[in-house]
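For the sequence shown, UniProt numbering gives the first residue as 1, with consecutive numbering after it.
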Amino acid sequence: MTLVVLGADAAVARAAATLPVDVVHVRLPGAAPLDRGTYGPVGRGAPEHGAHAVAAPPRPPRPAVHLSRPADRPRPPAVQHSVDYQHAPTFLAFVDAVLRPLAPAAVVSLTELGLEPAAVAARRLGATGVPPEAVRATRDKLAMRRALHRAAPHLNPAFAAGDDPEGVARLFDGRPGTAVVAKPVAGTGSNAVTLVRAPADLPADRRTPATLLERYVPGQEFSVETLSSGGRHTCLGIAEKRTAGEGFVELAHLMPAPSLDGPGRTRVERAVGELLDAVGLVDGPAHTEVKVHGDRVTVIETHNRPGGDGIADLVRLTRGIDWRRAALGWAVGEGPRVEPGGPQAAAAATVFLTAPTGRVTAVAPRPRLATGRLVGWDVEVEPGDPVSPLRSSADRLGMALLTAPSGAACAAAVDELTALPIVTTDRSEEDT
1 MTLVVLGADA
11 AVARAAATLP
21 VDVVHVRLPG
31 AAPLDRGTYG
41 PVGRGAPEHG
51 AHAVAAPPRP
61 PRPAVHLSRP
71 ADRPRPPAVQ
81 HSVDYQHAPT
91 FLAFVDAVLR
101 PLAPAAVVSL
111 TELGLEPAAV
121 AARRLGATGV
131 PPEAVRATRD
141 KLAMRRALHR
151 AAPHLNPAFA
161 AGDDPEGVAR
171 LFDGRPGTAV
181 VAKPVAGTGS
191 NAVTLVRAPA
201 DLPADRRTPA
211 TLLERYVPGQ
221 EFSVETLSSG
231 GRHTCLGIAE
241 KRTAGEGFVE
251 LAHLMPAPSL
261 DGPGRTRVER
271 AVGELLDAVG
281 LVDGPAHTEV
291 KVHGDRVTVI
301 ETHNRPGGDG
311 IADLVRLTRG
321 IDWRRAALGW
331 AVGEGPRVEP
341 GGPQAAAAAT
351 VFLTAPTGRV
361 TAVAPRPRLA
371 TGRLVGWDVE
381 VEPGDPVSPL
391 RSSADRLGMA
401 LLTAPSGAAC
411 AAAVDELTAL
421 PIVTTDRSEE
431 DT
């Protein structure tokens, strides 16, 4: 049995290597190489297709019933192909010439740019995958809003396309204090998301079909990780978000969500199920963002992949489930499983480092926390580097991963870490 994975990074490739199937990776030209230290020596393959073999790491023995070949036969190394799957003619020719002879059981992707090509390839090959229509309904935020309007309008805020002047005017409706969120129809990572407080503040380049406008709704935002099978949606974790600024850039994710009680969790899970039904996502992973205000749940957006920002690591730490493996494995009959060692902590969080605009003058060493334990630390800047205004996820300076013995302790640890001046900048040094 062969699984084709588009756009894997090192973490996804490691997860794929634990599945009892042959794995074929398809990656964009110029993509960072997979970790050879983890995967073993790299061989040479069919050069005309940019292919090479990547040896998989050793796996613990598994019962023979789960294997796609006799237990005494070693699994061949994973194979990589380099092809521009964003260019449809090139990719479809590759699908027919290279993938079709392999008769893969499934084609999947866990990266945003690979979602639709994987769905198209799966349908073309008659393999298991997510229907392209469902992928498009999640990636196109306006299409998602319209699907919800038809099936579950109570989960929508008021919205309008950027090129609908009457609809845009209705969003502001003349009431003082009304605000509207403008976002790209196909955007991710808080990129180009902004809060608009009056129609006159909406520039001409946002009055196009490429922009979605939504009336701002108050409340606490959450990220919900689900895995669907045959239309049944199972929640694997809910993270509470902390955001900053009018671009709503994400600065922390806490799992489990400290402010969400049992009834609140039930409302969130029910709302996400209604959303996934509305967009036609019957099988596979999803990452959905919602806001909760009182008893009302409003959908912000959804994607048919696990969440980024280290959320998969939060699921692993708090649930003991390798979310990346489960998000790949569903397509080859491998459901979620508790990994050896089980959950590692009652609560965990990812925290993103920021600093005022300027030039970096100092970077503090990894701190010790009084209320939590740092298990991951990555600072991406050093003295002399410029720091841009915080407008999107790309402007963050690094990420920490921490664990704590309770949700309250986790929230305290996040507060403690964000109060520390990890990266120091000097605005006077910005242009020198």
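Glycine included, C-beta positions come from ideal geometry on N, C-alpha and C. Keep in mind that this is a model prediction, so the values were computed, not measured.
For residue i, three-class secondary structure by DSSP
i    : result
H154 : helix
G247 : coil
L417 : helix
L402 : strand
G7   : coil
P386 : strand
L99  : helix
T266 : helix
G237 : strand
R59  : The predicted position of R59 is uncertain, since its pLDDT is 37 and thus under 50; a value taken from the coordinates is nonetheless stated next. Coil, per DSSP.
T194 : strand
V375 : strand
L353 : strand
D22  : strand
D84  : coil
S392 : coil
R73  : Annotation note: pLDDT 49 at R73 (below 50); position unreliable, coordinate value reported separately. Reduced to three states, the DSSP call for R73 is coil.
A17  : helix
S229 : strand
G40  : At G40 the pLDDT is 34, less than 50, meaning the model places this residue with poor confidence; the figure from the coordinates comes in the next sentence. The answer is coil: DSSP assigns G40 none of H, G, I, E or B.
L397 : coil
S428 : helix
A412 : helix
L213 : strand
R359 : strand
V381 : coil
L34  : coil
Cβ-Cβ separation, residue j to residue i (assumed contact under 8 Å), whole Å
i    : j    : result
G7   : T90  : Actually they are not in contact, since the Cβ atoms of G7 and T90 sit about 15 Å apart, beyond 8 Å.
P218 : H293 : 5 Å
G237 : L142 : Contact doesn't hold; Cβ gap of about 28 Å is too wide.
R319 : P343 : 6 Å
P199 : F172 : 5 Å
Contact check, residue i vs residue j, beta carbons under 9 Å
i    : j    : result
V79  : V24  : yes
E225 : H287 : yes
L92  : V120 : yes
A349 : V423 : no
L3   : V21  : yes
G230 : D283 : yes
S228 : P285 : yes
H233 : L276 : yes
D140 : R207 : no
T18  : R267 : no
A10  : D322 : no
L260 : E289 : no
T178 : G247 : no
T138 : V297 : no
A312 : G372 : no
V12  : L328 : yes
L115 : R305 : yes
E274 : C235 : no
Spatial neighbours of residue i in its chain, beta-carbon cut-off 6 Å, leaving aside the 5 residues before and after
i           : result
A331        : A106, V108 and T128
residue 458 : Nothing in the structure corresponds to residue 458, since the chain is present only between 1 and 432.
residue 472 : Nothing can be reported for residue 472: it is not among the residues displayed for the chain, which extend from 1 to 432.
A94         : According to the sequence shown, residue 94 is Phe rather than Ala. Hits under 6 Å: V83.
F352        : L251, R396 and M399
A122        : V107 and G129
Beta-carbon proximity list for residue i, same chain, < 8 Å, skipping 5 on both sides
i    : result
T357 : V387, S388, P389, T425, R427 and E430
P367 : L374, L417, L420 and I422
G310 : H253, T350, G376, M399 and L401
Q86  : L28, L113 and P117
A210 : G162, P184, V185 and A186
V363 : V379, V381, E382, P383, I422, V423 and T424
R145 : N156, F159, L212 and E214
A134 : A119, V279, G280, L281, V282 and N304
7 Å Cβ shell around residue i - same chain, five flanking residues per side excluded
i    : result
T243 : E221, V249, E250 and L251
G245 : L390
G264 : V292
A257 : F222, I238, A239 and E240
**Request:** Scan the segment 274-333 and note each continuous beta strand (DSSP E) run of 3 residues or more that stays entirely inside, going in chain order.
**Result:** Those beta strand (DSSP E) runs which fall completely within the segment 274-333 and span 3+ residues are 284-293 and 296-303.
**Request:** Write down every uninterrupted run of the alpha helix (DSSP H) in the segment 102-184 whose length is 4 residues or greater and which is fully enclosed by it, in chain order.
**Result:** Segments of the alpha helix (DSSP H) lying fully in the segment 102-184: 112-125, 132-139, 141-151 and 165-172.
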